[in-house]
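Using my numbering, read the sequence shown as starting at 75 and increasing by one per residue.
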Amino acid sequence: MKTIPYLLIAIRFIFGPIIFLLAYLSGAESKTIILILMYIGLLTDIFDGIIARKVGVSSEKLRRLDSQTDLIFWLSLGFAVYFINPELIKIEWKGISLIFIMEALCYIISWIKFGKETCTHAWLSKLWGISLIIAFTYLIGFQQTGWSFYLMVILGLISHIDVILIILILPKWHYDVPSAFHAWKIRNGVQRKKTTFFN
75 MKTIPYLLIA IRFIFGPIIF LLAYLSGAES KTIILILMYI GLLTDIFDGI
125 IARKVGVSSE KLRRLDSQTD LIFWLSLGFA VYFINPELIK IEWKGISLIF
175 IMEALCYIIS WIKFGKETCT HAWLSKLWGI SLIIAFTYLI GFQQTGWSFY
225 LMVILGLISH IDVILIILIL PKWHYDVPSA FHAWKIRNGV QRKKTTFFN
């Protein structure tokens with residue numbers, strides 16, 4: 075049981091390059107398979123943290139591995155959207171660039187302050203993850219942007235601001251910090267409680 079969280083993360087890690095190659099080689103013909111892999115990947119992301127806590131193996135190492143695997147997985151899906159329908163990306167480049175800039179800022183600020191990448195798994199980031207799933211379903215499955223895309227961009231901006239605030243507020247590096255409010259409590263010496271929202 076203690077190896078299951080690592081296996082789930084490994085599955086998601088493997089799915090990333092597979093999704094990338096399917097989209098690059100087959101384009102829109104592979105969209106159904108890509109969507110299936112995306113939803114299976116989502117399930118692995120939900121259950122790796124839940125199972126890790128249940129069997130007592132949730133640790134800094136596991137959470138950092140989970141975060142970096144998520145980055146690879148979502149980037150692969152982003153490239154898949156481009157390969158399937160590049161015109162959509164060209165039209166919506168401003169919103170997409172904003173998300174990339176905010177993501178880069180989170181990593182840069184965290185590395186400057188703590189010497190390691192961010193690993194907050196904040197609540198707003200999880201909410202943004204849900205909007206990503208919806209947006210990618212429309213982008214890949216129906217080749218449309220619309221409300222789901224703009225919701226994803228707005229929630230992405232808000233969630234990244236929250237992560238940046240968490241990094242700036244924390245006196246030292248922590249993983250699994252639910253929000254900037256919780257970071258403030260940690261800064262003021264209030265014992266944090268383990269969260270169970272998704273992972």
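In this text, a Cβ means the ideal position worked out from N, Cα and C, and glycines have one as well.
Pair within 8 Å by beta-carbon distance, residue i and residue j
i	j	result
L179	W202	no
F233	L206	A small fix is needed here, since residue 233 is Ser in this sequence, not Phe. Not in contact: S233 and L206 (Cβ atoms no closer than 8 Å).
S171	F94	no
A196	I240	yes
L139	I85	no
F89	L111	yes
I274	R261	Residue 274 falls outside the range modelled here, since the chain spans only 75 to 273, and no answer is possible.
V155	I146	no
Minimum C-alpha distance to residue i - residue among the options
i	options	result
D236	G90, I183, N159	I183
Y224	W258, T194, I173	I173
S141	W258, H256, D250	D250
G169	A154, G220, T211, Y113	G220
S132	E177, T77, Y113	T77
A257	C193, M226, I163	C193
M226	D122, A97, W148, I114	W148
G115	I175, Y181, I204, I163	I204
I175	A97, L231, L213	L231
D122	M75, Q218, F153, F255	M75
Y113	L96, T211, S222	T211
Straight-line gap, residue i to residue j (C-alpha atoms, nearest Å)
i	j	result
I186	A209	32 Å
F188	S253	18 Å
W167	L117	29 Å
K105	L81	25 Å
I120	K200	10 Å
K46	A126	Since the displayed the chain opens at 75 and closes at 273, residue 46 lies outside it and no answer follows.
R137	P245	20 Å
W247	P79	23 Å
I92	G215	17 Å
T270	V129	Because T270 carries a pLDDT of 44, less than 50, the predicted location of this residue cannot be relied on, and the following value inherits that uncertainty. One C-alpha to the other measures close to 14 Å.
D144	I165	26 Å
V264	K190	24 Å
E177	L213	20 Å
Q47	F153	Residue 47 lies beyond the residue range present for the chain, which begins at 75 and ends at 273; the question has no answer from this structure.
A97	I107	10 Å
F87	F255	31 Å
K288	Y181	Absent from the model: residue 288. The displayed extent of the chain is 75 to 273, so no value can be given.
Check: residue i C-beta below 7 Å from any heavy atom of the ligand ADP
i	result
Q217	This structure lacks the ligand ADP, and indeed carries no ligand of any kind.
Quiz item: Using 8 Å as the threshold, is the stretch 153 to 161 in touch with the stretch 99 to 107, meaning 3 or more CB pairs across them?
Solution: yes
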